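**Student:** Sending over a structure as structure tokens; questions will come in a sec.
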Amino acid sequence: MTEVRLCSVHDVASGEAKCFPIGRGGIALVRIDDAFYAVDDTCTHQKVSLSEGEVHTDRLEIECWKHGSCFSLIDGTPHSLPATRPVTVYEVRIDDDDVLVELP
């Protein structure tokens, strides 16, 4: 496994998602208060960027802006159709002000 720095903790506001291009696609980094979550940025229903969708802070979900599928930020499972496959979730670690993710 490889650990990669995505950004500073100050680069993402609470309730916001940002895409960071990594590998074949990107990683959507979501901040809720002082917690950070990282999932594949591409919706499993269609190839649409999840980071452009709405973050549901109360449910720890991110919603695909195109068709409304919501994905858990904890385990990647879709909680609404039309998506039926989960997105990959990445382990996030904070080191001083750096946000790091573990890549397979």
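Going letter by letter, the sequence shown gives residues 386 to 489 in the working numbering.
Even for Gly, the Cβ is constructed at its ideal location relative to N, Cα and C.
Small disclaimer: the values here were computed from a predicted structure and weren't measured.
1) Which of the three DSSP states is assigned to L466 in this structure?
2) Taking 8 Å as the cut-off, decide whether the C-beta atoms of A423 and Y475 are in contact.
3) Is the CB-CB distance between D426 and C404 below 8 Å?
4) Grouping DSSP H, G and I as helix and E and B as strand, with all else coil, what is V394?
5) So, A494 versus L445, is the Cβ gap smaller than 8 Å?
**Tutor:** In terms of the structure at hand:
1) coil
2) yes
3) yes
4) helix
5) Residue 494 lies beyond the stretch modelled for the chain, which goes from 386 to 489, so this question has no answer here.
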